[in-house]
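Peer 1:
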Amino acid sequence: MAGPAKPCKKSWPGREGSARRCLTFYPVWNKVAPFQTVDPPGFPADTHHFVRWASRGAVRRNHGSTRVKIQALKGFKDILPAESGVWQRIEQTARDVFHRFGFAEIRVPILEKTDLFVRSIGEATDIVEKEMYTFIDRNGVSLSLRPEGTAPVLRAFIEHSLHTLQPVQRLYTIGPMFRHERPQKGRLRQFHQLSVEVLGADHPRLDAEVMAMAWMLLTELGLTVRLEINSLGCPACRPDFKAALENFLADRAGSLCEDCERRRLTNPLRVLDCKSSHCRAQYQTAPAITDYLCPGCADHFAAVEQGLDLLGIPATRNKFMVRGLDYYTRTTFELVTDQLGAQSAVGAGGRYDGLVAQLDGPKLPGIGFGMGMERLALLLTEQVGASAPAGADLYIAALGPAALERGFQMAHVLRGQGVRVSMEHDGKSLKSQMKQAGRLAARYALILGDEELASGQAVLRNMGAGTQDSLALGDNLHDWAAGLVARIAES
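Each residue of the sequence shown is one higher than the one before, starting from 3 at the first, in my numbering.
Structure below.
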């Protein structure tokens with residue numbers, strides 16, 4: 003065993019203010035258990051934890067514990083090759099539909115200042131209070147992983163003055179979001195969203211158009227959903243409804259679930275979003291916000307319903323739909339299914355006419371929605387099953403040094419012409435290579451040995467039909483490849 007390396011210093015959690023706050027660890031090399039540590043001289047014998055350094059990373063361990071198992075965090079999921087085909091289909095279909103409606107992609111960071119979400123989502127919301135991944139960076143600034151897509155897009159819209167380039171901006175983004183909540187079917191701590199925003203227009207038919215786009219996307223994915231809508235009014239008419247709801251809830255104080263009792267005092271509209279069957283039974287007689295809309299909001303909501311009717315899209319009113327974010331005004335909507343249990347919404351959104359100005363931007367209206375890709379993937383997988391990655395168009399089985407060299411060149415040229423080619427480089431037997439071609443679901447196998455090179459004739463096997471033919475190699479590799487590409491395309 004080699005001697006101690008350069009000591010590593012690490013602050014001890016919970017003892018930052020003590021005299022022994024800075025602990026020194028001595029990495030040593032051990033053939034049996036590499037990168038273990040030994041306690042520094044005088045280190046307390048009753049200490050229960052130490053930090054194990056490996057390369058530049060550290061893993062917290064207990065004295066006497068077994069080797070730490072490295073695996074994904076709770077609520078964070080790997081998307082494996084057998085699943086990725088469904089995800090790619092969702093993304094490709096979404097991009098196609100969004101582009102047909104005139105949307106352009108914007109890509110924003112996953113990390114933002116916490117204040118962005120406090121000001122946009124609302125300080126009293128569950129997301130800000132309990133669910134965000136937040137930390138203080140080395141400069142003392144509070145940062146958070148984005149829990150939703152609208153606020154970061156609006157921050158970019160304001161920062162880059164996009165409204166000066168085009169008065170109405172149609173934007174979409176696709177990527178991961180993060181919320182520390184209890185993982186369950188279709189809901190993870192890292193989840194992926196399709197997020198859509200239209201900034202600069204407030205016509206009610208735009209609301210209908212945005213919902214129609216979401217409906218079209220799900221229809222083209224082969225999913226059957228229901229569209230539920232509501233109106234949350236505006237700052238002028240919402241206070242009357244809020245007062246009526248507070249009186250309704252006050253009469254039921256003490257009989258609600260713990261979350262609703264808390265929300266009753268901090269954010270009463272959110273009680274209507276409770277999933278508890280006990281609470282929902284009591285809320286059946288709660289006042290409906292649509293009965294308190296001012297004339298402007300009532301006319302807007304009626305025009306939205308008329309627009310959906312013109313497009314032939316059925317929608318039902320849902321007075322309980324208040325959404326979990328404070329920035330919504332007027333139109334809100336959800337696309338729901340009965341196939342995901344309590345987590346029935348696959349897409350949701352609404353209008354947020356005051357949010358851009360609230361974030362110190364121009365006074366512009368906006369509307370948008372988000373769709374959870376995990377939930378879409380679950381629904382699609384249940385319908386059609388997981389699909390294996392697309393197989394190779396061609397597997398090159400090369401036998402012998404010269405054939406391996408020639409096959410290496412062939413694979414490169416064919417890939418340049420759009421062919422999916424697989425090839426092994428270690429010169430295994432023909433039987434072994436043909437088994438690999440089968441595992442890769444290759445459509446064709448090109449068998450090439452030193453004898454085939456000498457005769458100028460390779461063997462092309464149709465893996466599905468089990469037939470094979472001779473294939474002239476030719477002198478010009480690019481011309482030969484073009485001919486093979488055409489042959490594969492015809493089949």
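Ideal Cβ placement from N, Cα and C applies to all residues, glycine included. Computed from a predicted structure; not experimentally measured.
Cβ atoms of residue 230 and residue 338: under 8 Å apart, would you say?
Peer 2: Yes.
Peer 1: Verify whether the separation of the beta carbon atoms of residue 351 and residue 371 is less than 8 Å.
Peer 2: In this structure, residue 371 lies closer than 8 Å to residue 351 by Cβ.
Peer 1: Rounding to the nearest angstrom, what Cα-Cα distance links residue 79 and residue 190 in this structure?
Peer 2: The alpha-carbon atoms of residue 79 and residue 190 are separated by roughly 8 Å.
Peer 1: Please report how far the alpha carbon of residue 218 lies from the alpha carbon of residue 464, in whole angstroms.
Peer 2: If you take the alpha carbons of residue 218 and residue 464, they lie about 39 Å apart.
Peer 1: Going by beta-carbon coordinates alone, are residue 357 and residue 368 separated by less than 8 Å?
Peer 2: Contact: yes.
Peer 1: Does DSSP classify residue 71 as helix, strand or coil?
Peer 2: Reduced to three states, the DSSP call for residue 71 is coil.
Peer 1: Which residues bound the alpha helix (DSSP H) around residue 1?
Peer 2: With the chain covering only 3 through 493, there is no way to say anything about residue 1.
Peer 1: Among 317, 185, 107, 170, whose alpha-carbon lies nearest the alpha-carbon of residue 151?
Peer 2: The residue with the shortest Cα to Cα distance from residue 151 is 107.
Peer 1: Whole angstroms is fine: what's the gap from residue 432's alpha carbon to residue 399's?
Peer 2: Cα to Cα, residue 432 sits roughly 7 Å from residue 399.
Peer 1: Which residue's Cα is closest to the Cα of residue 325: 313, 273, 473?
Peer 2: Out of 313, 273, 473, 273 has the C-alpha closest to the C-alpha of residue 325.
Peer 1: Does the distance from the C-beta atom of residue 212 to that of residue 174 stay below 8 Å?
Peer 2: Not closer than 8 Å, so no.
Peer 1: Leaving out five residues before and five after residue 479 in sequence, what residues of the same chain have Cβ atoms less than 8 Å from its Cβ?
Peer 2: Once the five neighbours on either side are set aside, the close Cβ partners of residue 479 are 411, 412, 415.
Peer 1: Quick check on residue 434: buried or exposed, where buried means 16 or more other Cβ atoms within 10 Å of its Cβ?
Peer 2: Label assigned to residue 434: exposed.
Peer 1: Please tell me whether residue 157 and residue 196 are closer than 8 Å, where the distance is taken between their beta carbons.
Peer 2: Not closer than 8 Å, so no.
Peer 1: Buried or exposed: where does residue 131 fall if 16 or more other Cβ atoms within 10 Å of its Cβ makes it buried?
Peer 2: Exposed: under 16 other Cβ atoms inside 10 Å.
Peer 1: To which residues of the same chain is residue 92 closer than 8 Å at the C-beta, ignoring the five residues directly before and after it?
Peer 2: For residue 92, where only same-chain residues beyond five positions count, the Cβ hits under 8 Å are 196, 223, 375, 378, 379, 382.
Peer 1: Count Cβ pairs between the segment 229-248 and the segment 271-290 that sit closer than 8 Å; are there 3 or more?
Peer 2: A contact exists between the segment 229-248 and the segment 271-290.
Peer 1: Would residue 294 and residue 331 be called neighbours here (beta carbons separated by less than 8 Å)?
Peer 2: Contact: no.
Peer 1: What does residue 449 pair with, by DSSP beta-bridge criteria?
Peer 2: According to DSSP, residue 449 bridges with 399, 461.
Peer 1: In its own chain, which residues sit with a C-beta less than 8 Å from the C-beta of residue 103, not counting the 5 before and 5 after it?
Peer 2: Excluding residues within five positions, the ones whose Cβ falls inside 8 Å are 172, 211, 215.
Peer 1: Drop a sphere of 10 angstroms on the beta-carbon of residue 129, count the other beta-carbons inside from all chains shown, and report buried for 16 or more, exposed for fewer.
Peer 2: Buried, since its Cβ has 16 or more Cβ neighbours within 10 Å.
Peer 1: Assuming residue 408 and residue 455 make a contact with CB atoms under 8 Å, what is their CB distance in whole Å?
Peer 2: Going by Cβ atoms, the distance from residue 408 to residue 455 rounds to 6 Å, so yes, they are a contact pair.
Peer 1: Can you give me the C-alpha to C-alpha distance between residue 101 and residue 220, rounded to a whole angstrom?
Peer 2: Roughly 15 Å between the two C-alpha positions.
Peer 1: Below 8 Å on the Cβ atoms is my contact criterion, and I expect residue 111 with residue 154 to pass it. Report the Cβ-Cβ distance as a whole number of Å.
Peer 2: Yes, they are in contact, since the Cβ atoms of residue 111 and residue 154 sit about 7 Å apart, within 8 Å.
Peer 1: Rounded to a whole number of angstroms, what is the C-alpha to C-alpha distance between residue 468 and residue 71?
Peer 2: Looking at the two C-alpha atoms, the distance is approximately 45 Å.
Peer 1: Where residue 77 and residue 192 are concerned, what is the direct C-alpha to C-alpha distance, given to the nearest angstrom?
Peer 2: Whole-angstrom Cα-Cα distance: 7 Å.
Peer 1: Where residue 205 and residue 170 are concerned, what is the direct C-alpha to C-alpha distance, given to the nearest angstrom?
Peer 2: C-alpha separation (whole angstroms): 12 Å.
Peer 1: On the CB-based measure, 16 or more other CB atoms within 10 Å of its CB, does residue 428 come out buried or exposed?
Peer 2: By the 10 Å Cβ count, residue 428 comes out exposed.
Peer 1: What does residue 228 pair with, by DSSP beta-bridge criteria?
Peer 2: Bridge partners of residue 228: 338.
Peer 1: Of all the options 140, 275, 147, 364, which has the alpha carbon lying nearest to the alpha carbon of residue 115?
Peer 2: That would be 147, whose Cα lies nearest to the Cα of residue 115.
Peer 1: Quick one: give me the first and last residue of the beta strand (DSSP E) that residue 494 is part of.
Peer 2: Only positions 3 to 493 of the chain appear in this structure, which leaves residue 494 out of reach.
Peer 1: Can you tell me where the alpha helix (DSSP H) with residue 154 in it begins and where it stops?
Peer 2: That run of the alpha helix (DSSP H) goes 152-161.
Peer 1: Please report the distance separating the alpha-carbon of residue 460 from that of residue 475.
Peer 2: For residue 460 and residue 475, the distance between alpha carbons rounds to 7 Å.
Peer 1: Report all residues from its chain with a CB closer than 7 Å to the CB of residue 265; omit the five preceding and five following residues, and keep chain order.
Peer 2: Answer for residue 265: 272, 273, listed in chain order.
Peer 1: Does the beta-carbon distance from residue 303 to residue 268 come in below 8 Å?
Peer 2: Not in contact: residue 303 and residue 268 (Cβ atoms no closer than 8 Å).
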